[in-house]
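Asker: Starting off with a structure, shown below.
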Amino acid sequence: MIGTNEDDVLTGTRHSDVMSGRFGDDIMTGQNGNDEVWGGTGDDTLYGNNGNDILYGSGGPDLIDVTGIEIVDDHPVSVVFEGETAGYRNTFGDYKVQDDGLITDVEILWPNASLQGSGGDLVQGESREFLDVEAGDRIGFFIISNGYSLNNGYQGLDLDVTQDTENAPELVFRDDDGNQATIHSDGPKLYHIAADGSETWIRTHAYHTAAFEETADLNPDGILHTTGVLKADAGTITLGFEDLYNGGDRDFDDSVFTVDIGLANALVLNAHYQQETDGSDPEPEPGNGNNVDEIERSDNDVLIGGDGADELHGRSGDDDLSGNNGHDDLHGGSGNDELNGNAGQDNLYGNSGNDHLYGGNHDDNLNGNNGDDALYGEAGNDTLIGGTGNDYLEGGNGDDTLIGGSGDDVQLGGYGNDTLRGGAGNDQLDGGNDNDELVGGAGNDILTGGNGEDDLTGGAGNDQLDGGDGDDSLIGGSGDDVLTGGYGEDTIRGGAGNDELRGGNNADSLYGGHDDDVFFGDAGDDMMHGGRGNDTVDYSAFDVDLSVSLHNARAHGLEIGTDTIRFIDNIVSGGGDDTLKGSRGVNVIEAGAGDDSIRSLQGADTLTGGAGSDTFVFRTYDLDEADVITDFEIGIDLLDFSHLAGSTDDQTFLSRLQSSSESGNLTLSADLSGGGAYTDVCILNNADNETVTTLFENDCFIF
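Just so we're aligned, residue 0 is where the sequence shown starts under numbering that gives the first Met the number 0, counting upward by one.
Written out as structure tokens, the structure reads:
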């Protein structure tokens with residue numbers, strides 16, 4: 000069925016139709032059967048309905064409708080043998096169809112339609128002419144699959160039904176009840192009737208051109224075995240057959256014939272329309288000579304597939320495609336399209352443009368391709384691929400796979416065990432409920448696991464990872480990442496870069512990896528492993544009394560539990576009265592508010608007491624290098640020298656202390672042996688106006 004230049008309403012039959020709307024805003028309905036529907040130019044609405052349909056929003060077919068070859072102009076009809084690629088020795092014939100659908104005038108043109116050297120004696124270009132074909136006749140064609148071989152070369156059977164004698168045989172298609180078949184019969188069989196009335200069944204299957212108003216039911220497997228290509232300037236149709244049950248490889252070249260029906264009859268089959276479906280515009284109507292005439296070709300189509308496995312192509316324009324029932328393939332084409340798979344396991348392709356894709360029920364595949372697309376998997380285990388552009392992907396229910404591709408994408412897994420991969424760009428990934436796997440890829444990504452036991456990997460870039468509820472695994476990758484475990488017993492690995500690691504509640508395991516990382520232990524008995532780099536453990540969020548020892552690799556407190564801290568270099572505490580102890584390396588210890596006790600051990604350490612009355616503790620075997628106290632307050636903070644060698648009573652040890660000022664800082668040194676050799680103990684910043692005596696007078700020492 001082919002439309003006009005106007006706005007057409009085309010409705011197919013209950014059989015397998017080929018429809019082309021041509022120009023205009025058309026409404027086309029395929030009905031039953033496996034239909035091929037082309038909208039042509041204009042804003043079209045296409046419905047596939049039942050059957051496995053192919054819908055194209057624009058353009059036109061190269062294949063013609065061979066379901067209704069009707070002769071309207073007297074013209075001798077002939078058939079030319081073009082060739083074959085079959086291993087079978089097929090039989091080729093024709094028949095007429097009466098107005099009531101009855102199949103009559105059956106004849107066999109070539110009992111063995113095979114080439115010379117391929118089991119037959121035909122040569123390409125050999126032709127046969129029909130007899131008694133007149134205007135108004137409806138004709139169809141058929142092959143008998145491997146008929147010549149399976150019927151022993153038709154030995155003993157006279158197949159010449161055209162002889163004008165009383166002994167002429169007859170060929171009849173019969174249905175399962177033995178009645179003469181119609182085009183609505185299911186897989187009728189061909190019989191040879193001799194002049195004496197005896198009948199012989201012609202063995203094997205017959206495959207038809209789907210004659211007028213007939214469905215593929217005429218074929219025993221219920222599918223089409225023929226396609227036709229029109230040559231408009233020659234008035235011919237080339238027919239290609241498939242000779243294998245269930246359609247074989249569907250290349251339609253097992254047996255190929257050309258039917259010459261004449262130009263007038265070809266025009267009735269809308270052959271001339273094929274020249275206008277190559278994308279060219281029709282000739283414009285003449286104007287008045289002064290105005291510019293325009294023909295708009297927006298091609299904003301609506302394609303609705305219906306039942307069956309449909310294929311919908313929006314092509315150009317902003318199209319709406321709906322697959323409905325069945326396992327459908329939807330192609331948006333260029334333009335900003337909306338694709339709805341609905342029921343069935345569907346494949347949706349947005350192609351270019353900013354598209355919206357909705358998978359519907361079942362396990363769907365959605366591919367946005369180019370443009371800023373929005374993909375919604377909805378129910379089922381879906382696969383969503385954003386492609387290029389800044390895309391939004393939402394998996395919905397089911398175990399979904401979301402792949403953002405390039406661009407700054409937003410992905411939401413929803414319910415189910417989902418896999419989310421960001422790709423290049425600054426992506427936002429949210430796993431939602433259940434156990435999800437999130438991979439950010441290149442770029443500065445934000446990953447949120449949500450509920451469930453999730454695996455999060457940031458990849459390259461400065462990423463933010465939040466495991467949410469559940470026992471999660473977080474890997475920052477390269478870049479300066481922020482990793483938060485949330486609720487649950489989480490395992491967090493920073494990787495390369497200066498990372499921040501937060502365990503959250505419960506007992507977490509945190510590994511810093513390379514570079515300078517900061518650990519936030521939070522509640523629960525956590526294990527924190529600094530790895531390479533200058534790493535810090537930060538308890539500044541807690542105002543309770545804490546005991547933190549880098550040397551003993553342990554931290555304890557009412558709200559933090561008992562943490563294991565290994566290969567950590569620095570401490571930051573909160574507002575409680577904390578006891579802080581360094582290691583034998585170089586440490587930075589910052590106490591915060593509260594009356595704190597700080598012991599640095601060996602190394603040139605930097606100590607900050609913060610607000611409150613703080614005590615800085617020194618022992619003899621800690622004094623390899625002087626420590627710096629950044630905020631010592633005269634009359635408030637204390638220097639505990641009671642564990643230094645030679646410290647007996649206040650006056651005796653005081654005489655063995657000396658001070659020196661440089662660059663605004665006061666250095667305190669002690670003669671530990673009494674032999675006159677002084678060792679630097681500590682350096683007080685911003686205390687250059689003080690001396691040992693003034694410190695003693697303000698009760699700053701503990702001896």
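Where is the CB? At the ideal position from N, CA and C, for every residue including glycine.
Note that this is a predicted model, so its numbers are computed, not measured.
What is the C-beta distance between residue 408 and residue 385, in whole angstroms, given that I count them as a contact (C-beta under 8 Å)?
Answerer: The pair is a contact, with the Cβ atoms about 5 Å apart (cut-off 8 Å).
Asker: For a test of the three-state rule: what should DSSP assign to residue 282, helix, strand or coil?
Answerer: Confidence is the limiting factor: at residue 282 the pLDDT is only 31, short of 50, which leaves the residue's position unreliable and the question unanswerable from this model.
Asker: Any idea what DSSP makes of residue 691, helix, strand or coil?
Answerer: Reduced to three states, the DSSP call for residue 691 is helix.
Asker: So, does the segment 389 to 399 touch the segment 368 to 380, judging by three or more C-beta pairs under 8 Å?
Answerer: A contact exists between the segment 389 to 399 and the segment 368 to 380.
Asker: Let me make sure I understand the geometry here. Which of 467, 443 and 487 has the alpha-carbon closest to that of residue 476?
Answerer: Measuring from the Cα of residue 476, the nearest candidate turns out to be 443.
Asker: Taking the C-alpha atoms as reference points, what is the distance between residue 512 and residue 502?
Answerer: Between residue 512 and residue 502, the C-alpha separation is close to 15 Å.
Asker: Name the DSSP beta bridge partners of residue 635, please?
Answerer: None; residue 635 has no bridge partner.
Asker: Below 6 Å CB to CB, which residues in the same chain sit around residue 633 once its five sequence neighbours on both sides are set aside?
Answerer: The residues are 697.
Asker: Considering residue 82, what are the terminal residues of the beta strand (DSSP E) in which it resides?
Answerer: Here the beta strand (DSSP E) through residue 82 covers 77 to 83.
Asker: Where does residue 696 fall in DSSP's three states?
Answerer: DSSP places residue 696 in helix when its eight states are reduced to three.
Asker: Quick check on residue 200: buried or exposed, where buried means 16 or more other Cβ atoms within 10 Å of its Cβ?
Answerer: That one is exposed.
Asker: Give the DSSP-derived three-state secondary structure of residue 238 in the structure shown.
Answerer: Here residue 238 sits in strand by DSSP.
Asker: Start and end of the alpha helix (DSSP H) containing residue 148?
Answerer: Element bounds for residue 148: 146 to 149.
Asker: Can you find the residues in the same chain that come closer than 6 Å, C-beta to C-beta, to residue 355, ignoring five residues on each side of it along the sequence?
Answerer: 337 and 373, listed in sequence order.
Asker: Might you give, ordered along the chain, the residues of its own chain that have their beta carbon closer than 8 Å to the beta carbon of residue 585, omitting 5 neighbours on each side?
Answerer: Counting only Cβ-Cβ distances below 8 Å, and skipping sequence neighbours, we find 568, 602, 603 and 604.
Asker: Could you check what DSSP says for residue 245 in three-state terms: helix, strand or coil?
Answerer: The answer is helix: DSSP assigns residue 245 an H, G or I state.
Asker: At what residue ranges does the segment 323 to 386 contain a whole run of the beta strand (DSSP E), taking only runs of 3 or more?
Answerer: With a minimum length of 3 residues, the continuous beta strand (DSSP E) runs that stay inside the segment 323 to 386 are 328 to 330, 337 to 339, 346 to 348, 355 to 357, 364 to 366, 373 to 375 and 382 to 384.
Asker: List the DSSP bridge partners of residue 205.
Answerer: The partner list for residue 205 (beta bridge, DSSP) reads 143.
Asker: Let me confirm a value: residue 122 is counted as buried when at least 16 other C-beta atoms fall within 10 Å, else exposed. Which label applies?
Answerer: So residue 122 ends up on the exposed side.
Asker: Just verifying my parser: in three-state terms, what is the DSSP assignment at residue 164?
Answerer: Of the three classes helix, strand and coil, the one that applies to residue 164 here is coil, per DSSP.
Asker: Going by DSSP, what residue range makes up the beta strand (DSSP E) through residue 191?
Answerer: Unbroken beta strand (DSSP E) run through residue 191: 188 to 192.
Asker: Tell me, to the nearest whole angstrom, how far the beta carbon of residue 515 is from that of residue 504; I am working on the premise that it is less than 8 Å.
Answerer: At roughly 26 Å, the Cβ-Cβ gap does not stay under 8 Å, so residue 515 and residue 504 are not in contact.
Asker: With DSSP run on the structure shown, which of helix, strand or coil describes residue 199?
Answerer: Residue 199 falls in the strand class under three-state DSSP.
Asker: To the nearest angstrom, how far is the alpha carbon of residue 438 from that of residue 237?
Answerer: Cα-Cα distance, rounded: 54 Å.
Asker: Measure from the alpha carbon of residue 197 to the alpha carbon of each residue in 157, 216, 218 and 175, then state which is nearest.
Answerer: If we check each option's Cα against that of residue 197, 157 comes out closest.
Asker: For the beta strand (DSSP E) that residue 299 lies in, which residues bound it at each end?
Answerer: First-last for residue 299: undefined, no H or E at that position.
Asker: Going by the CB atoms, is the gap between residue 555 and residue 581 shorter than 8 Å?
Answerer: Cβ distance not < 8 Å, so residue 581 and residue 555 don't count as in contact.
Asker: Alpha carbon to alpha carbon, how far is residue 148 from residue 208? Give it in angstroms, no decimals.
Answerer: Those two C-alpha atoms are separated by around 22 Å.
Asker: Quick one: what's got a C-beta closer than 8 Å to residue 417's C-beta in the same chain, skipping five residues either side?
Answerer: Same-chain partners within the cutoff: 394, 398, 399, 400, 401, 430, 431, 433, 435 and 436.
Asker: Nearest-angstrom Cα distance between residue 703 and residue 192?
Answerer: As displayed, the chain neither begins before 0 nor continues past 702, which places residue 703 out of reach and without an answer.
Asker: With DSSP run on the structure shown, which of helix, strand or coil describes residue 613?
Answerer: Looking at residue 613 - three-state DSSP - the assignment turns out to be coil, as it is neither helix nor strand.
Asker: Is residue 685 buried or exposed, if buried means 16 or more other CB atoms sit within 10 Å of its CB?
Answerer: Under this definition residue 685 is an exposed residue.
Asker: So if DSSP puts residue 179 in a beta bridge, which residue, or which two residues, is it bridged to?
Answerer: Answer is 173, bridged to residue 179.
Asker: Could you tell me which of 180, 546, 524 and 320 sits nearest to residue 561, measuring between CA atoms?
Answerer: Selected option, being the one with the closest Cα: 524.
Asker: Identify which residue in 169, 361 and 350 has its Cα closest to the Cα of residue 369.
Answerer: It is 350 whose Cα lies nearest to the Cα of residue 369.
Asker: Taking residue 425 as the reference, which of 451, 414 and 388 has the closest Cα?
Answerer: For the residues 451, 414 and 388, the minimum Cα distance to residue 425 belongs to 388.
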